[in-house]
DNA sequence: CCTCTTCGGGAAAGCGCTTCCCCAGTCTAG
DNA sequence: CTAGACTGGGGAAGCGCTTTCCCGAAGAGG
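Protein chains in written order, with my numbering: chain P, 2 to 346; chain H, 2 to 346.
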């Protein structure tokens with residue numbers, strides 16, 4: 002009818018004709034159908050012809066005929082953030098081992114965009130969609146997401162979440178709260194007394210959980226509440242700005258906990274720029290244990306999350322056949338004390 | 002015929018029926034066809050029905066009918082490397098502004114896999130494919146890639162390269178050689194005399210160009226050739242190992258140039274672990290100016306590449322209509338001297 | 001008042017596959 | 001030797017869209 006493209010692309014029909022077999026046989030020879038054998042000599046002839054013509058099946062057409070595609074959709078907040086690129090890396094490893102492709106979409110931390118991307122992946126008939134960005138503390142957004150995912154599953158798709166288990170969907174739960182609590186406990190043991198928390202925006206549950214978990218941890222071991230809590234952007238520059246704010250306050254903490262490593266690095270830079278030293282003047286701790294950041298000086302105390310593995314778990318999970326109850330896999334971070342928080346005295 | 006999936010998904014036909022119009026009209030109402038107007042009241046009715054039913058067009062079916070998709074394929078060597086995730090970030094920005102999706106594939110620095118991924122994107126009928134990984138110094142691989150891309154273009158697809166301009170294809174050329182040369186020159190001016198080069202594997206042209214450019218630069222200003230050249234993996238750990246090797250040699254350089262920042266950071270770590278200090282005992286310089294690495298201490302002298310912008314340029318380029326001659330856009334890095342290479346004396 | 005356009009709705013033809021269904025040819029068994 | 005059971009090839013339906021083509025209705029022109 003239309004075909005505006007200048008495409009003289011080779012199709013399965015061309016292969017079949019050139020090999021002197023029917024379309025059906027060519028298809029079966031190339032993909033090995035379950036119900037029917039193709040005589041070896043015919044199969045060979047088809048395969049050779051296909052290779053000779055550089056035949057590449059049209060994935061869209063296959064998807065239409067089969068009803069599903071070979072792509073996994075991944076939704077992240079910001080792919081330039083090493084947290085997400087590590088997860089992507091794991092997702093790609095998992096996908097690769099199943100012969101799948103991964104399509105990435107980023108939300109810029111907007112719940113609306115997240116929803117749009119999920120809808121778009123539904124349109125793409127993605128085999129599965131993985132939502133790796135932290136949930137938002139916004140019940141309306143969650144409701145919308147729930148509805149969208151219901152549609153997706155009705156259409157035969159699958160979904161999995163990372164971080165918070167808020168909907169009846171397969172989830173890899175990162176125990177941000179408990180992990181931050183352990184960190185707080187260990188830091189108190191090291192002798193720290195006056196804490197500040199450098200948090201991200203409240204609507205991001207990951208930030209909230211880490212900050213609150215940390216404070217809970219302080220209380221649990223009888224340490225006082227933080228002397229300061231700054232809220233800033235969930236980025237290096239946010240960490241920088243928040244730290245400037247914290248250092249400007251009259252009573253300076255002896256340790257600042259930033260809710261992620263990227264912010265912690267910003268905080269350390271701010272400290273240096275104010276003429277102070279980490280950890281002599283203020284100690285700093287982060288969260289995530291981002292690989293690229295392991296060589297900052299002083300080495301950062303943090304909570305290690307197996308980010309690449311998380312990506313792989315998510316793929317495995319979302320590729321399993323559905324079960325009655327949603328699966329939940331809990332991952333606890335491992336506290337890693339380094340030189341940015343030496344024992345006091 | 003089959004439809005094994007339990008899909009009771011809503012299709013355009015459902016929308017048309019529910020709205021009491023024909024399939025054709027529903028299609029035109031939703032996508033606004035070029036040749037025919039739809040009466041406003043009908044359009045409204047269709048649009049409302051579609052929204053009410055949560056209709057999401059099947060992208061595969063649209064792709065089949067239209068002959069092209071809304072996805073851009075991006076091929077990188079290793080997405081966990083911040084070099085590539087920055088580029089991906091730019092590509093995603095560019096794609097987003099055109100309403101496109103991006104699918105990522107990674108090669109693990111294998112030419113064979115690169116070729117497979119391009120073929121796979123051809124099968125996906127990707128609107129365009131961007132090859133962001135450095136070319137390999139392997140004429141056979143290049144030949145294969147050329148053939149594959151010819152097929153891709155015959156099928157109506159488009160392709161663009163980053164880094165080296167080796168094939169008659171739109172390319173964003175990174176002037177690795179010239180930039181490394183400038184770096185060498187400036188370093189000599191700072192007073193350095195005894196250089197070592199920490200290179201990646203030879204078969205990666207990016208590594209080769211940077212290393213050779215640097216050496217050319219040394220010669221051009223009358224400095225002697227490097228006292229050592231180590232070849233190592235193109236990663237943080239590669240940088241570490243290569244540095245250990247360099248430091249073990251009897252005559253120690255006063256400056257080590259690592260062909261990328263990630264290796265440079267590994268090199269600095271190795272230096273520290275040997276009980277030496279940067280820059281007092283050895284100065285270190287890198288290449289790329291990776292954002293996440295800007296806060297290492299001492300701050301790294303490097304060559305800044307606008308990585309995110311490169312991603313955007315590539316998208317713009319590959320979305321332009323074809324021209325007779327392939328477009329080439331050259332990008333020169335900017336030398337940034339920081340404290341890892343202070344002036345000597 | 002009739003013919004010539006223009007407008008816009010609907011039927012139907014594909015797009016490139018997979019798989020169902022029919023069928024001829026072979027085997028096996030009675 | 002013939003009926004029943006298998007094999008495996010090929011025709012054709014159908015996946016969900018877009019767009020061409022046909023057509024009746026409404027408006028313009030004489």
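For each residue, glycine too, the CB sits at the ideal point set by N, CA and C.
8 Å contact criterion, which residue i and residue j should meet: CB distance rounded
i             : j             : result
residue 348/H : residue 95/H  : An answer regarding residue 348/H cannot be provided, because it is not within the stretch 2 to 346 covered by chain H.
residue 105/P : residue 88/P  : Contact flag wrong, Cβ pair sits at about 10 Å.
residue 201/H : residue 260/H : 5 Å
residue 43/P  : residue 22/P  : 6 Å
residue 245/P : residue 270/P : The pair is not a contact, with the Cβ atoms about 10 Å apart (cut-off 8 Å).
residue 124/P : residue 69/P  : Incorrect: roughly 13 Å between the Cβ atoms, too far for contact.
residue 241/H : residue 284/H : No, residue 241/H and residue 284/H are not in contact; Cβ-Cβ is about 17 Å, not under 8 Å.
residue 211/P : residue 255/P : Between residue 255/P and residue 211/P the Cβ distance is about 20 Å, and since that is not below 8 Å, they are no contact.
residue 64/P  : residue 126/P : 6 Å
residue 75/P  : residue 47/P  : About 35 Å; that fails the 8 Å criterion.
Beta-carbon spacing of residue i, residue j below 7 Å
i             : j             : result
residue 258/P : residue 198/P : yes
residue 336/P : residue 309/P : no
residue 341/P : residue 292/P : no
residue 287/P : residue 265/P : yes
residue 132/P : residue 147/P : no
residue 149/H : residue 120/H : yes
residue 1/P   : residue 289/P : Here chain P covers residues 2 to 346 and nothing more, so residue 1/P does not appear.
residue 339/P : residue 302/P : yes
residue 315/P : residue 181/P : no
residue 17/P  : residue 27/P  : yes
residue 152/P : residue 55/H  : yes
residue 138/P : residue 204/P : yes
residue 229/H : residue 250/H : yes
residue 92/P  : residue 297/H : no
residue 233/P : residue 239/P : yes
residue 115/H : residue 108/H : yes
Neighbour-count burial assignment, residue i, 16 or more Cβ in a 10 Å radius
i             : result
residue 227/P : buried
residue 113/H : exposed
residue 99/P  : exposed
residue 60/H  : buried
residue 57/H  : buried
residue 247/H : buried
residue 274/P : exposed
residue 45/H  : exposed
residue 136/H : buried
residue 345/P : exposed
residue 11/P  : buried
residue 281/P : exposed
residue 140/P : exposed
residue 13/P  : buried
residue 86/H  : buried
residue 348/H : Here chain H covers residues 2 to 346 and nothing more, so residue 348/H does not appear.
residue 177/H : buried
residue 52/P  : exposed
residue 331/P : exposed
residue 83/H  : buried
residue 306/H : buried
Residues of its chain near residue i, where Cβ-Cβ distance is below 8 Å and the 5 sequence neighbours each way are ignored
i             : result
residue 328/H : 171, 172, 318, 321
residue 4/P   : A caution first: residue 4/P carries a pLDDT of 36, below 50, which makes its placement in the model unreliable, though a value can still be read off. So no residue of the chain qualifies.
residue 220/H : 226
residue 7/P   : Note that residue 7/P scores 40 on pLDDT, short of 50, meaning its location in the model is unreliable and no value can be drawn from it.
Residues of its chain near residue i, where Cβ-Cβ distance is below 7 Å and the 5 sequence neighbours each way are ignored
i             : result
residue 101/P : 71, 72, 73, 128
residue 29/P  : 37, 39
residue 179/H : 214, 333
Own chain, CB closer than 6 Å to residue i, minus 5 neighbours either side, in chain order
i             : result
residue 49/H  : none
residue 166/H : 172, 174, 329
residue 323/P : none
residue 222/H : 186, 189
residue 142/H : 112
task = Write down every uninterrupted run of the beta strand (DSSP E) in the region 231-298 of chain H whose length is 3 residues or greater and which is fully enclosed by it, in chain order.
result = Within the region 231-298 of chain H, the complete beta strand (DSSP E) runs of at least 3 residues are 256-259, 284-286.
Contained beta strand (DSSP E) runs [length at least 3] in the region 21-95 of chain H, N- to C-terminal order = Complete beta strand (DSSP E) runs here, min 3: 72-77.
request  = Could you pull out every unbroken alpha helix (DSSP H) segment of at least 4 residues lying fully inside the region 159-206 of chain P, listed in chain order?
outcome  = For the region 159-206 of chain P, the continuous alpha helix (DSSP H) assignments of 4+ residues that do not extend past its boundaries occur at 177-190, in sequence order.
key: Length-filtered (3 minimum) beta strand (DSSP E) runs lying within the region 92-149 of chain H   = List check, beta strand (DSSP E) in window: 102-107, 129-132.
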